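For the sequence shown, my numbering assigns the number 19 to the initial residue and increments by one for each residue that follows. The structure appears right after this line, and notes come after that.
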Amino acid sequence: MVAVRFAVLGDIEVRVDGRPLDIGHLRQRSVLAALLVDANRTVSVDQLADRIWADRLPQRFRSTLYSYLSRLRQALDRGDGTGARIGKEPGGYQLSVDTSAVDLHRFRDLVAQARTAEDGERAVALFEEALDLWRAEPFAPLDTPWFSALRETLARERLAAELDRNDLALRQGRHGDLLAELITRAGTHPMDERLAGQLILALYRSGRAAEALGHYRRTRERLAEELGVDPGAPLQELHQRILTNDPSLAPPPAPAAVVSPPPVPRQLPAPPGVFTGRDKELEQLTEALDASAGTAGGSGGTVVISAIGGIGGIGKTWLAVRWAHENAYRFPDGQLYVNLRGFDPVEPPMPTALAVRAFLDALHADPDSIPTDPDAQTARYRSLVAGRRMLILLDNARDTDQVRPLLPGTPSCTVLITSRNRLTALVATHAAQMLPLDVLGRDEARDLLVSHLGAPRIAAEPEAAAALMDHCAGLPLALGIVAARAATHPDFPLAVLATELTQAADRLDALDIGDLTASLRAAFAASHRALTSPAGTLFVLLGLAPGPDISLAAAASLAALSPARARVLLMELESAHLVRQNCPGRYRMHDLVRLYSAELAHQQPSQDQEAALTRLVEFHVHTAYAANRLLDGPNTPFAFRLEPPASGCGPLSPADTMAALRWFDEEHACLLAIQSLALATGRHTQVWQLAWSLIAYHQGGYHLTEYLTVWRVALTAAERDGGLPAPRALAHWRYGHACSLTGDYGEALDQLALALTLAERTNDTAGQAHICRTLGRVWEQYGDDERALEYALRALALYQQLDNPVWQANQLNAVGWMHAQLGRHPQARTYCEQALRLYRAHGRPADAASTLDSLGYIAHHTGRHTQALEYYQQALALFREHADSSNEADTLANLAETHHDMGRPDLAREAWQQALTLYQAQNRTTQAEQVLAQLRA
19 MVAVRFAVLG DIEVRVDGRP LDIGHLRQRS VLAALLVDAN RTVSVDQLAD RIWADRLPQR
79 FRSTLYSYLS RLRQALDRGD GTGARIGKEP GGYQLSVDTS AVDLHRFRDL VAQARTAEDG
139 ERAVALFEEA LDLWRAEPFA PLDTPWFSAL RETLARERLA AELDRNDLAL RQGRHGDLLA
199 ELITRAGTHP MDERLAGQLI LALYRSGRAA EALGHYRRTR ERLAEELGVD PGAPLQELHQ
259 RILTNDPSLA PPPAPAAVVS PPPVPRQLPA PPGVFTGRDK ELEQLTEALD ASAGTAGGSG
319 GTVVISAIGG IGGIGKTWLA VRWAHENAYR FPDGQLYVNL RGFDPVEPPM PTALAVRAFL
379 DALHADPDSI PTDPDAQTAR YRSLVAGRRM LILLDNARDT DQVRPLLPGT PSCTVLITSR
439 NRLTALVATH AAQMLPLDVL GRDEARDLLV SHLGAPRIAA EPEAAAALMD HCAGLPLALG
499 IVAARAATHP DFPLAVLATE LTQAADRLDA LDIGDLTASL RAAFAASHRA LTSPAGTLFV
559 LLGLAPGPDI SLAAAASLAA LSPARARVLL MELESAHLVR QNCPGRYRMH DLVRLYSAEL
619 AHQQPSQDQE AALTRLVEFH VHTAYAANRL LDGPNTPFAF RLEPPASGCG PLSPADTMAA
679 LRWFDEEHAC LLAIQSLALA TGRHTQVWQL AWSLIAYHQG GYHLTEYLTV WRVALTAAER
739 DGGLPAPRAL AHWRYGHACS LTGDYGEALD QLALALTLAE RTNDTAGQAH ICRTLGRVWE
799 QYGDDERALE YALRALALYQ QLDNPVWQAN QLNAVGWMHA QLGRHPQART YCEQALRLYR
859 AHGRPADAAS TLDSLGYIAH HTGRHTQALE YYQQALALFR EHADSSNEAD TLANLAETHH
919 DMGRPDLARE AWQQALTLYQ AQNRTTQAEQ VLAQLRA
């Protein structure tokens with residue numbers, strides 16, 4: 019038979035055979051609670067709306083309510099069913115359920131039975147059974163007026179039941195059992211005279227008459243000060259009887275001693291009041307336990323909770339405690355818990371011996387039998403838990419050495435460990451299961467804010483709520499702090515808090531509420547203090563690095579380390595969850611950890627910061643220069659000679675073209691960030707050097723937006739520097755070229771004119787040639803082929819004054835191409851064939867690719883289709899070999915035209931389709947539309 023329990027005296031939950039049933043988010047659970055209170059009675063829609071939302075009704079509250087009811091019906095019917103049914107009745111809805119399965123109704127029923135029981139011991143037992151149903155504050159954390167009022171009513175009912183139980187227990191001589199609870203309750207209800215009388219009697223019977231009289235005096239004074247009255251007659255009479263040592267106050271004769279078994283340890287801390295997401299992780303923990311039980315004859319194993327990027331605040335303890343409460347029924351022999359304070363912001367880590375001794379006390383070990391030797395105490399602890407089905411939760415462990423003595427010796431126990439370190443040694447030695455925690459996803463983060471602040475408040479300011487989630491970057495502690503701050507000012511717009519978090523430099527201050535246990539900065543500082551000194555230094559220096567991540571080689575240069583030493587230190591940071599290796603050899607920090615690291619970095623001596631930044635910038639400049647040489651060869655215009663890198667900087671030398679492309683792909687975002695950093699720190703030469711080194715990569719991959727951006731930055735640096743004209747001419751030239759590729763021809767021509775003027779002023783023949791060559795291309799794009807040819811011929815004349823056959827070949831091809839555009843095919847072929855001969859004599863194979871494409875175009879337009887196909891195929895092979903996808907796309911489109919004119923529609927369509935894919939990937943809309951038109955024809 020399925021055992022079902024509905025609980026509202028604490029968190030709202032449903033358990034089927036001890037397992038929690040998923041009944042949805044907090045608002046949906048509130049609907050179930052509102053119906054459970056009036057179980058088997060009809061509740062109107064308006065009543066439900068008032069109970070759930072009060073005056074904060076959503077716009078379409080009825081449809082929302084119906085949705086909640088529908089999902090609750092499905093949940094209650096899931097599996098074998100719960101025996102409960104939500105039905106539509108005239109005037110509202112009714113939850114039909116056995117009230118004995120609802121803790122609220124069971125509590126009231128047991129209290130009623132206790133008050134009518136004739137046997138005193140039976141009555142006390144009934145009262146205690148009723149009071150044991152209370153797990154925490156009812157309906158936590160619902161806060162509508164109806165739930166708040168009901169919560170107060172139930173608190174009064176609970177107190178009344180406790181007082182009735184106390185009277186009966188005192189008559190049975192159980193004053194010693196009641197004393198601790200009476201002291202606590204009297205502090206909560208200091209004006210309750212009945213409770214005061216019970217405490218006074220219990221103290222008196224415990225031989226503490228002076229304390230009893232003192233409590234009477236304090237109660238009398240409080241009543242006089244706050245209410246202006248004297249104690250009532252019963253309390254005054256009790257006081258008088260104590261003064262006269264009335265024999266009738268003596269406890270009744272004690273019953274025969276009954277040896278009771280020691281209580282089962284239940285040491286779990288309270289579960290988190292608000293908990294969202296982590297469904298996958300909760301399921302993984304359960305699966306790990308089930309798998310361990312299956313391999314150990316029904317016993318548990320060791321589960322390690324860890325986190326990728328699992329810095330403090332990721333929610334390790336919340337997850338562990340939540341799972342432990344949900345699965346407590348699986349550990350009938352108890353649950354042990356200890357906070358090992360491995361990364362406590364104030365206290366040092368707990369000595370393992372102290373944790374062992376605390377567990378021995380919880381297990382009711384005879385103090386006289388506990389040995390003094392720490393190893394012997396560990397053995398005694400393992401003996402006491404051997405064979406028991408227990409959960410042992412070791413929270414906030416520092417390292418494996420702190421944990422190992424606390425692991426049981428038999429597999430009947432299950433161990434949960436949370437730590438900011440990975441504790442990987444336990445995988446090898448104890449077959450521990452690793453469970454990495456990541457940040458919350460977007461939906462989970464929103465659910466967490468909704469749970470704290472309510473859906474209406476989040477829905478009222480969606481943009482501000484989104485900004486809060488962005489600034490917290492999925493870190494549960496940060497989201498909790500934001501929610502706490504917002505909750506303390508319910509009338510303040512969320513936009514105010516979002517604005518406060520906007521400034522990165524102040525964000526950690528805004529995420530601090532003055533409590534070290536709920537401070538991100540304190541959590542990160544504890545992790546930093548736990549590092550070795552070299553790893554701590556590297557962590558600080560990483561705060562200087564811009565970009566989304568950093569490579570091993572770059573980190574080594576940043577810290578002036580060998581790659582092997584940097585790898586060891588990064589492994590330590592990764593183990594401490596302060597960095598994450600998002601792909602082999604690349605390391606990333608959580609956004610908030612990066613802010614903390616940057617704070618520490620900027621507190622270092624300025625000369626140390628400057629030296630580290632110099633090494634980092636020069637690493638990228640020198641490696642990009644070497645990679646570009648592989649892509650563009652030795653003939654790149656405006657080439658320059660680099661100074662040797664700074665001491666401690668170890669730039670890379672890619673082995674070949676593919677390695678160079680791979681490095682640019684991996685480092686592209688970092689290169690852009692490094693260039694911005696170089697501009698901000700006055701390293702103007704490195705700014706334009708980086709832009710120059712990216713030319714071939716940007717053009718070959720058609721990264722036009724980035725191409726424009728880096729040259730805009732380079733132009734800014736060159737103008738600020740005000741030094742040699744060559745860098746300014748280079749920046750104007752390349753920025754103009756980038757403008758032309760994005761369709762801004764007017765700006766392109768203006769920038770190129772400035773570049774040409776600077777080159778002419780310094781008699782820079784090569785510079786003039788390069789700029790005239792680009793002017794020819796821009797005029798072609800602008801639609802003026804005659805003017806384009808004019809500049810192409812001017813550039814060729816200048817190149818012919820230089821001893822560089824490759825540059826001459828490039829321009830012969832350009833002149834031939836412009837003749838072809840003007841329909842002068844014989845001249846076009848002559849120029850292009852001259853270019854091809856020069857390439858084959860002096861250049862690299864890849865250099866000839868564009869000329870082969872030009873010759874294919876000329877052959878196609880002069881009716882020599884077979885020859886055109888041969889040229890295009892040769893060009894395609896070279897473009898693909900060197901990952902020049904921009905020119906590859908153009909050649910494919912040309913190839914398709916030739917196939918089409920040769921009556922080969924299938925081959926034409928195939929080539930057009932390949933060209934279209936590349937054009938779309940490169941965001942070349944005009945070319946893509948032209949190809950689409952051909953495909954649709």
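No residue lacks a Cβ here, since even glycine has one placed at the ideal position from N, Cα and C. Note that the structure is a prediction, hence the values are computed from the model and not measured.
Which class does residue i belong to by DSSP, given the choice of helix, strand or coil?
i: Y889; result: helix
i: P564; result: coil
i: Q112; result: strand
i: F510; result: coil
i: M452; result: strand
i: S694; result: helix
i: N905; result: helix
i: L425; result: coil
i: C601; result: strand
i: I713; result: helix
i: Q940; result: coil
i: F349; result: coil
Taking the alpha-carbon positions, what's the residue i to residue j distance?
i: L444; j: A204; result: 48 Å
i: L950; j: Q931; result: 9 Å
i: N828; j: G794; result: 13 Å
i: P252; j: L221; result: 17 Å
i: A513; j: P290; result: 27 Å
i: A450; j: S118; result: 42 Å
i: E229; j: I218; result: 8 Å
i: H860; j: P652; result: 12 Å
i: L591; j: T783; result: 53 Å
i: V728; j: S694; result: 9 Å
i: A132; j: E344; result: 30 Å
i: A227; j: A198; result: 16 Å
Which one of the options has the shortest CA to CA distance from residue i?
i: I499; options: R539, R475, L934; result: R539
i: T935; options: A926, L925, A946; result: A946
i: T654; options: G101, L748, R69; result: L748
i: I30; options: A21, G36, H43; result: H43
i: V32; options: R91, R74, A309, Q77; result: R91
i: P280; options: A380, T335, L337; result: A380
i: G700; options: R738, A714, F682; result: R738
i: G841; options: R855, R858, L856, A877; result: A877
i: S89; options: T550, L39, T60; result: The question names Ser, but residue 89 in the sequence shown is Arg. The residue with the shortest Cα to Cα distance from R89 is L39.
i: E301; options: P270, A268, A338, G331; result: A338
i: V597; options: P552, L560, E239; result: L560
i: S48; options: C757, Q940, P287, S166; result: S166
i: I568; options: L588, N905, A709, L27; result: L588
i: L887; options: H917, D35, G352, C790; result: H917
i: H640; options: P663, H843, R438; result: P663
Does any CB atom of chain D fall closer than 9 Å to the CB of residue i?
i: R223; result: Within the model displayed, chain D is absent; a lone protein chain is all it includes.
May I ask you to check if the CB of residue i is nearer than 8 Å to at least one heavy atom of the ligand HEM?
i: T909; result: Ligands are entirely absent from the displayed structure, and the ligand HEM is therefore not among its contents.
Quick check for students: name the residue ranges of the alpha helix (DSSP H) that lie wholly in the region 134 to 204, counting only runs of 4 or more. 138 to 149, 163 to 189
Could you pull out every unbroken alpha helix (DSSP H) segment of at least 4 residues lying fully inside the region 33 to 91, listed in chain order? 44 to 55, 63 to 70
Between the region 72 to 82 and the region 117 to 136, are three or more C-beta pairs nearer than 8 Å? no
Count Cβ pairs between the region 694 to 703 and the region 617 to 637 that sit closer than 8 Å; are there 3 or more? yes
Should the region 352 to 362 be regarded as contacting the region 410 to 420, the criterion being three or more beta carbon pairs within less than 8 Å? yes
Any 3 or more C-beta pairs closer than 8 Å across the region 567 to 586 and the region 610 to 625: no
How do the region 739 to 746 and the region 713 to 721 stand: do at least 3 beta-carbon pairs fall below 8 Å, yes or no? no
Meets three-Cβ-pair contact criterion under 8 Å: the region 132 to 142 and the region 177 to 188: yes
May I have a chain-ordered list of the beta strand (DSSP E) segments no shorter than 3 residues that lie completely inside the region 382 to 406? none
Where in the region 771 to 853 do unbroken runs of the alpha helix (DSSP H), each at least 4 residues long, occur, reported from the N-terminal end onward? 783 to 800, 803 to 817, 823 to 839
Meets three-Cβ-pair contact criterion under 8 Å: the region 816 to 835 and the region 776 to 791: yes
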